[in-house]
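Below you'll find the structure, written out as structure tokens, and then a few comments.
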Amino acid sequence: MPIEIKGVKESLPAAKILEEENIFVITEERALSQDIRPLKIAILNLMPTKIQTETQLLRLLGNTPLQVDIELLQTASHVSKNTSASHLNTFYKTFDDVRDQKFDGMIITGAPIELLDFEDVDYWEELQAIMDWSKTNVYSTFHICWGAQAGLYHHYQIPKRKLPEKLSGIYKHKILTPLHPLMRGFDDRFFAPHSRYTTVRREDIEKNPYLTVLSISSKAGVYIVAAKNGRQFFVTGHAEYDRDTLAGEYTRDVKKGIDPQIPENYFPDDDPDATPHFVWRAHAHLLFSNWLNYYVYQQTPFDLKDLTAIPEE
23 MPIEIKGVKE
33 SLPAAKILEE
43 ENIFVITEER
53 ALSQDIRPLK
63 IAILNLMPTK
73 IQTETQLLRL
83 LGNTPLQVDI
93 ELLQTASHVS
103 KNTSASHLNT
113 FYKTFDDVRD
123 QKFDGMIITG
133 APIELLDFED
143 VDYWEELQAI
153 MDWSKTNVYS
163 TFHICWGAQA
173 GLYHHYQIPK
183 RKLPEKLSGI
193 YKHKILTPLH
203 PLMRGFDDRF
213 FAPHSRYTTV
223 RREDIEKNPY
233 LTVLSISSKA
243 GVYIVAAKNG
253 RQFFVTGHAE
263 YDRDTLAGEY
273 TRDVKKGIDP
283 QIPENYFPDD
293 DPDATPHFVW
303 RAHAHLLFSN
313 WLNYYVYQQT
323 PFDLKDLTAI
333 PEE
């Protein structure tokens with residue numbers, strides 16, 4: 023949340039210092055003009071383990087002073103095999119149910135289908151329609167892992183590239199744009215999980231004048247990409263993962279006979295029986311709270327009827 027400085031903000035020496043350090047400071051006039059209401063956030067959950075994913079995301083979204091109203095969405099053109107129909111029918115809606123609504127924010131999750139061409143995904147046409155709709159009916163959309171690759175491809179024609187082997191583990195990242203609001207409070211170096219077979223290249227993204235790379239890893243590559251208008255974010259990793267999520271994926275792949283590599287920098291001494299250190303939790307909470315505050319709460323019109331479409335580029 024922002025700091026409000028009473029009186030003439032510009033006259034307080036600390037105000038200038040804090041702003042140079044990327045601390046959010048507002049005037050008394052701005053504070054008095056702020057209206058508060060619950061934020062409407064839609065989560066398009068494309069992961070097969072829907073209950074686990076919704077729990078992870080709700081844990082992060084719930085750890086702020088803001089009240090958030092959540093709408094869980096599923097695709098109509100794909101039937102989930104790993105979540106009961108009862109759970110989906112009770113808690114989830116489809117795009118047709120919400121297409122006439124507007125939302126402050128939206129999260130599009132990843133999906134374990136990176137090796138498929140986008141056009142070969144059975145719900146690709148529906149996802150394209152949802153992503154197009156998000157430009158007019160959502161103020162800021164947060165894309166995760168495969169969802170980030172799909173969004174970059176659909177909106178900006180950024181291709182995904184196949185990796186020589188699966189990227190799985192906890193990787194160190196650095197910040198390229200420390201004064202960007204999404205990066206407020208981040209350490210110079212921080213950790214985040216990745217689990218994917220494909221990637222997007224920094225050089226492809228930097229050719230696009232509407233995108234900015236905010237964070238990268240020497241091993242995992244591009245991590246966070248922002249549309250310069252603040253209406254779209256693309257995160258190639260899984261900050262929302264629990265301590266044991268990668269362990270569960272590793273065990274699953276072992277049982278399938280895939281003979282996976284042990285996730286890098288994850289198990290102590292690379293011992294799959296050891297409890298992983300949870301070294302990305304604080305970063306995950308900060309990433310989601312920064313997005314929720316600076317690009318949803320602080321930016322969305324109080325009356326969602328006044329929400330305008332993302333300008334065509």
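Final position of the sequence shown in this note's numbering is 335; the numbers increase by one with none missing.
For every residue, glycine included, the Cβ atom is placed at its ideal position computed from N, Cα and C.
Considering only A107, G132 and A248, the residue with the shortest C-alpha distance to S237 is A248. Annotated three-state conformation of G207 is coil, per DSSP. In the displayed model, R265 falls within coil according to three-state DSSP, outside both helix and strand. Considered as a whole, the stretch 199 to 244 harbours 224 to 228 as its complete alpha helix (DSSP H) runs of no fewer than 4 residues, in chain order.
In this structure L185 is exposed. Its beta-carbon is surrounded by fewer than 16 other beta-carbon atoms within 10 angstroms. As computed with DSSP, E93 is found in a beta bridge with A64. When P181, V160, V235 and A242 are compared, the shortest CA-CA separation from P323 is found for V160. Pairing M128 with I63 gives a Cβ-Cβ distance under 9 Å.
Within the model, the alpha-carbon separation for F213 versus N230 is close to 27 Å. Ranked by how close their Cα comes to the Cα of P181, the residues E228, T297 and K194 have E228 in first place.
Straight across, the Cα-Cα distance linking Y316 with K277 is about 43 Å. Residue pairing from DSSP places S162 in a beta bridge opposite G127.
Shown here, F255 sits in a strand according to DSSP, grouped into three states.
From the listed residues F289, Q320, T71 and Q78, the smallest Cα separation to H109 is found for T71. Distance check between K115 and each of S99, P282 and E286 places S99 closest, using alpha-carbon atoms only. E225 has its alpha-carbon roughly 20 Å from the corresponding atom of K194. When Cβ pairs closer than 8 Å are counted between the two stretches, the stretch 253 to 263 is seen to touch the stretch 172 to 180, the count reaching three or more. Here K103 carries a coil assignment [DSSP, helix/strand/coil].
Cβ-Cβ distances below 7 Å link K157 to A331 and I332 in the same chain, with the five nearest sequence neighbours on each side left out; the list follows chain order. In this structure, Y232 sits away from E136, with a CB-CB distance that is not shorter than 9 Å. Secondary structure of H307 (DSSP, three-state): helix.
In the DSSP assignment, the residues bridged to V247 are V235 and F256.
In the three-state scheme derived from DSSP, where H, G and I count as helix and E and B as strand, I284 is classed as coil. A check of alpha carbon separations from L61 across V318, L201 and D328 identifies V318 as the nearest.
In the structure shown, G191 adopts extended strand secondary structure according to DSSP, grouped into three states.
Here F140 has W146, A172 and Y175 as same chain residues with Cβ atoms under 7 Å from its own Cβ, once five neighbours each way along the sequence are excluded.
Residue environment: Q96 is assigned as buried (16 or more neighbouring CB atoms within 10 Å of its CB, all protein chains considered).
Note that the stretch 291 to 310 touches the stretch 74 to 86; at least 3 beta-carbon pairs, one per stretch, sit closer than 8 Å.
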